[in-house]
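>
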Amino acid sequence: MDGISVVKLGGSVITDKSVYRRFRLRKTQDIAANLRKTGDRMAIVIGGGSFGHILSKRHGIPGAITPDRIEAASAVHSDMLDLAARVGRVLSGSHFKPYIFSTSSMIRNGRVDCTPIGEYIRKGFTPLLFGDTYISGGRIEIYSGDRIVLDISQNLKPDMVAFLTDVDGIYTEDPKKNHDARIVYEVGNDEGIKATGEDATGGMRLKLDMLVRIRKYSRHVCVLNGNHPERIALIGKPGFIGTVIS
Ligand code: ADP
Ligand code: IPE
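Counting the sequence shown from 1 gives a position; the numbering used here is that position plus 3.
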C-alpha cells in the first residue's frame, strides 16, 4: 500500500487510565507491529491517558492561570513528553522513524500548524504528536489528541484515519456502563448515540463531534479496539470489527 494515514492511539489503550503514569508497553508494542504491517506512511497522535488527565483534573485544567496551575501544566507537559518518548522508542523498535513534535509549540491562532507534517511523512519519518497543555490569553487549556487529528486531516487529506480506543467502536451508549449497549457499525452523525464525557477533554462526546468533522477530509474514518491490534489489518476490508464514519 502507498496510502497516508493518521492514527490516534487513545490514552485508554496505551496507558492504564486509572493509575498515574502507567504505560502499557506490551500493548503499544503489539499495536506498533500491526501498524507497521499495513505498509502505510502515517502520522501518529497519542492521547494523554493517565499521563495527561489525572493531574489536569486534579488541578482544574483547563482553567484560569494560577501559580498552582502553572506548576501542574508544566508537569503535565513533561509527562506527555515522557509518554511520547516511550511511544517513540516502541515505534523505532518496529522500524518506524518517529519524529516527535511538541504540540504546544506548534499552536498558531488557536490551532496546530500542521504545515511541516506532510513533508516529514514524504521524507520517510513518522511524525508523532501528543495531546498537550498550552497557554491561551489568561488561561491554561488542553489541546486534545482528537483535535490534533482533525487539524492534521484538514491539512493532509489522508486516505485513512483510525482511532484506537479501548472498546470495539461506537456504541448506542457507554458499553462500560450499560451491558445492553450495542455497537453501531456505521454512523453518519451523533444522533441516537448517548455518549458521556468524563475526562479533561470531553471523552466520547467530543470524539464523536471530531469524527464527523474529520470525515470531510478523509474517505475512510474509523474507530476500533486497540486491545485487539490484529484488527488493524482489516481496516477498510470485509470482516472489519469497529465503527466506520459514513
Ligand atoms: P481514548 O482514551 O481512547 O481517546 P476516551 O476514554 O476518550 O478514549 O473514550 C473512550 C471511552 O468512552 C470508552 O472507554 C467508553 O467507556 C466511553 N464511552 C462513552 N460513551 C460511549 C459510546 N457511546 N460508545 C463507545 N464508548 C463510549
Ligand atoms: C489529552 O489528550 C491530553 C492531556 C490531558 C494533556 P486526549 O484527550 O486526546 O487523551 P485521551 O486519548 O482521551 O486519553
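The beta carbon of each residue, even a glycine, is placed where N, CA and C say it ideally should be.
(1) M4 to H62, Cα distance in whole Å?
(2) Measure the alpha-carbon distance for R143 versus I68 and round it to whole angstroms.
(3) If we count the other Cβ atoms within 10 Å of its Cβ and call it buried at 16 or more, is H98 buried or exposed?
(4) Within its chain, find whatever has a CB closer than 6 Å to the CB of D149; leave out the 5 residues flanking it on each side and keep chain order.
(5) Run the CB neighbour count on P241, radius 10 Å, all protein chains shown included, and call it buried at 16 or more, exposed below.
(6) Would you mind working out which of R29, G52, I47 sits nearest K20, comparing C-alpha positions?
(7) Can you tell me whether S139 is buried or exposed, with buried defined as 16 or more other CB within 10 angstroms of its CB?
(8) Report the three-state DSSP secondary structure of R125 (helix, strand or coil).
(9) Is it the case that the CB of I145 approaches a heavy atom of ligand 2 more closely than 7 Å?
(10) Does the Cβ of D19 lie closer than 7 Å to at least one heavy atom of ligand 1?
(11) For N276 and A236, I'd like the C-alpha separation in whole angstroms.
(12) Alpha carbon to alpha carbon, how far is Y23 from G141?
(13) Under 6 Å Cβ to Cβ from L86, same chain only, skipping five residues before and after it: list those, please.
(14) Let me check you understand the geometry: is the CB of M83 closer than 7 Å to at least one non-hydrogen atom of ligand 2?
(15) Applying the criterion that 16 or more other CB atoms from any shown protein chain within 10 Å of the CB defines a buried residue, is P130 buried or exposed?
(16) Roughly how many whole angstroms lie between the Cα atoms of I151 and D183?
(17) Do A75 and I64 have their beta-carbon atoms positioned less than 8 Å apart in this structure?
(18) Whose C-beta lies closer than 7 Å to the C-beta of K100 among residues of the same chain, with five residues either side of it excluded?
(19) Say yes only if the C-beta of G42 is nearer than 7 Å to one or more non-hydrogen atoms of ligand 2, and no if none qualify.
(20) Could you tell me the alpha carbon to alpha carbon distance between R72 and G50, rounded to whole angstroms?
(21) Return helix, strand or coil for M4, following the three-state DSSP convention.
(22) Here's a check: name, in chain order, each residue in its chain whose Cβ is nearer than 6 Å to the Cβ of I103, leaving out the five neighbours to either side.
(23) Across which residues does DSSP place E3 in a beta bridge pair?
(24) Using the C-alpha atoms, what's the distance from R218 back to G191?
(25) Are I120 and Y146 closer than 8 Å when you measure CB to CB?
According to the structure shown:
(1) Low per-residue confidence applies at M4: pLDDT is 43, beneath 50, and the placement is therefore not dependable enough to give any value.
(2) Note that residue 143 is Ile in the sequence shown, not Arg. Computed Cα separation, rounded: 6 Å.
(3) exposed
(4) K210, M213
(5) A residue is called buried when at least 16 other Cβ atoms come within 10 angstroms of its Cβ; P241 does not meet this threshold and is exposed.
(6) G52
(7) exposed
(8) helix
(9) Indeed, a heavy atom of ligand 2 lies less than 7 Å from the Cβ.
(10) no
(11) Residue 276 cannot be examined here, being either before or after the span of the chain that is shown, 4 to 249.
(12) 28 Å
(13) F54
(14) For ligand 2, at least one heavy atom lies less than 7 Å from the Cβ of M83.
(15) buried
(16) 32 Å
(17) Less than 8 Å separates the beta-carbon of I64 from that of A75.
(18) G127, F128, T129
(19) no
(20) Distance between the alpha carbons of R72 and G50: 20 Å.
(21) Confidence at M4 is low in this model, with a pLDDT of 43, below 50, so the placement of that residue should be treated as unreliable; the coordinate-derived value is given next. DSSP, read as helix, strand or coil, puts M4 in coil.
(22) A87, G91, L131
(23) Because the chain here runs from 4 to 249, residue 3 falls outside it and cannot be looked at.
(24) 9 Å
(25) Cβ distance not < 8 Å, so I120 and Y146 don't count as in contact.
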